[in-house]
Amino acid sequence: MIWLAFLFLLVPVESWAQTAVSWWVAPYVRADEYGRVVRVCKIEQYASLIAAEGGSYRAAEILGGYCVAKVRANAAAVTALAADADLQRLPKDRIDDPLSTLTNQQKTRLRNFILSLGYTAQEVQARFPNDLGTYTLRDVLRFMATRRLKPRYDSAADTIVLDGPIQPVKSPDTLDEAIK
Amino acid sequence: MKRLLSALLLVVLLVSPAWAFPDNTTLIDDFNRASLGANWTAFFGSGIQIFASTLATGQGATDASDASYYNAATYGPSGHFYATSRVGGAGTWQGIHFVTTPGSGTTDGYAIYVIYHGTDGILGYRLDNDVLTQLGSQVSYTPADGDLIGLDRNAVTGGLEAYVNTGGGWTGLGGSWSDSTYASGTSWRVGLECSYDWASTGNAWDDLHGGTVTPDGGGGGCIPKLMLLGVGC
Chain B
26 MIWLAFLFLL
36 VPVESWAQTA
46 VSWWVAPYVR
56 ADEYGRVVRV
66 CKIEQYASLI
76 AAEGGSYRAA
86 EILGGYCVAK
96 VRANAAAVTA
106 LAADADLQRL
116 PKDRIDDPLS
126 TLTNQQKTRL
136 RNFILSLGYT
146 AQEVQARFPN
156 DLGTYTLRDV
166 LRFMATRRLK
176 PRYDSAADTI
186 VLDGPIQPVK
196 SPDTLDEAIK
Chain R
4 MKRLLSALLL
14 VVLLVSPAWA
24 FPDNTTLIDD
34 FNRASLGANW
44 TAFFGSGIQI
54 FASTLATGQG
64 ATDASDASYY
74 NAATYGPSGH
84 FYATSRVGGA
94 GTWQGIHFVT
104 TPGSGTTDGY
114 AIYVIYHGTD
124 GILGYRLDND
134 VLTQLGSQVS
144 YTPADGDLIG
154 LDRNAVTGGL
164 EAYVNTGGGW
174 TGLGGSWSDS
184 TYASGTSWRV
194 GLECSYDWAS
204 TGNAWDDLHG
214 GTVTPDGGGG
224 GCIPKLMLLG
234 VGC
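Quick note, the sequences are listed as chains B and R, same order. Counting from 26, one number per residue, gives the positions in the first sequence under the numbering used here. Counting from 4, one number per residue, gives the positions in the second sequence under the numbering used here.
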């Protein structure tokens, strides 16, 4: 039976020991090609760095031209993401982590970011009537993913405008399941 | 002996995919004629054109895309399509579309693109009013003249996958692409897109095949094995 133990040496093992998970929000950026108007979640610009040591990410578009992403990456990639002023790391790494340990400044910043996406103060208050510290990261992610609007291109202004009909959003739960 | 044969048959059924790409190999167009004709409608740029009575290519020497859809048939909401990629050199991009309401500023749906200009690869996009939103990450792939490129859209799961056949069989790429924004209806169109024309840069398509497919039970790709052996697809 000892020979069975050696079978494990033949099984490839991802270098997860050097990577950790984190959640981020990032804007969509222009990435036009050959006359085509193209937008891509800015996290994608770090895809090669994230892939080092077996890292990966999954993202979903949310309201306001932003994407939310769950990232598994090594320290160097996380440092690079953190250095990008357009990207914001969410204050908890596990989806069911409570927000109870956030400072008042962190909770205010998080609430203001949600409002900046385009949700009304009434919507935010209705979903989070109590202190944000009484909710979890999952609660906040699911709310941010309530809806998004269909894009169109304004050629006169050379701008992508997000003012179309409401479109469905991929659930953050799906991202959490995809990146362990 | 009967029990052994039954067991073997069960194993074969369990490990065999319920559908494999491509599940529809209908020839749509071989482009073997002098002009494109009435079965194609331009929906981006000036549309595609025939080259040398054998290929479908873009319109000119500038780096602007041209796309047309096949107007003689509708499909969907799930489909398998593939075509032969003709590339004469780097500096091109070409796409296979699966779209609804095709037109300038109105096209919705999905597309896969082969990009060949330094950072080579295949990308998947959702189209909203002709705006392309990249789905997931670019998959590394170096185009070669004569490769078959395929688009697999599973409207049940929201999956969008590119397939490549370099001569030894089909290989699926982009398995993490998914989007369920547009997932119904039977009025979808298949389209082809090229930047540049064949004469100037070498960028064309040939022999478009495919059609509507019906995913099995929402899983697509294999028979669920959970209830029988306790393992997944």
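Glycine included, every Cβ here is placed at the ideal spot set by N, Cα and C. Quick caveat: nothing in here was measured; it's all calculated off a predicted structure.
Nearest-angstrom beta carbon gap, residue j and residue i [assumed within contact, 8 angstroms]
i       : j       : result
V117(R) : P146(R) : 5 angstroms
L162(B) : W48(B)  : 7 angstroms
Y72(R)  : P25(R)  : Not really, about 19 angstroms apart at Cβ, beyond 8 angstroms.
N132(R) : G108(R) : 6 angstroms
D201(B) : K95(B)  : 6 angstroms
T204(R) : G91(R)  : 7 angstroms
L163(R) : L135(R) : That pair is no contact at about 13 angstroms.
V194(B) : R173(B) : 5 angstroms
Residue i - containing beta strand (DSSP E), residue span
i       : result
R55(B)  : 44–55
T271(R) : No information on residue 271(R) is available, as it lies outside the stretch 4 to 236 that chain R covers here.
A45(R)  : 43–47
I115(R) : 111–119
S140(R) : 134–143
L195(R) : 192–198
Cβ shell of residue i (< 8 angstroms), same chain only, five flanking positions each side left out
i       : result
T189(R) : T77, Y78, G79, P80, T215
K67(B)  : A51, P52, Y53, V54, C92, D109, D111, L112
Spatial neighbours of residue i in its chain, beta-carbon cut-off 7 angstroms, leaving aside the 5 residues before and after
i       : result
T169(R) : A147, D150
Q43(B)  : E78, N99
K149(B) : The sequence given here has Val at residue 149(B), not Lys. The residues are R136, I139, L140.
A37(R)  : I53, S56
G161(R) : S181, D182, S183, A186
Contact check, residue i vs residue j, beta carbons under 8 angstroms
i       : j       : result
L124(B) : A105(B) : no
G124(R) : Q141(R) : yes
L187(B) : V93(B)  : no
Y59(B)  : S68(R)  : yes
G194(R) : A93(R)  : no
V65(B)  : I185(B) : no
L127(B) : G89(B)  : no
F46(R)  : T110(R) : yes
Close Cβ partners of residue i (< 6 angstroms) along its chain, the five nearest in sequence each way excluded
i       : result
K175(B) : G189, P190, Q192
T28(R)  : H212
L115(B) : W48
D66(R)  : S198
First and last residue of the uninterrupted alpha helix (DSSP H) at residue i
i       : result
T199(B) : 197–203
F168(B) : 162–169
E148(B) : 146–152
F138(B) : 129–142
S68(R)  : Element bounds for S68(R): not the alpha helix (DSSP H) but the beta strand (DSSP E), 68–73.
I75(B)  : 72–76
Do the segment 53–64 of chain R and the segment 108–116 of chain R meet, that is, are 3 or more Cβ pairs less than 8 angstroms apart?
no
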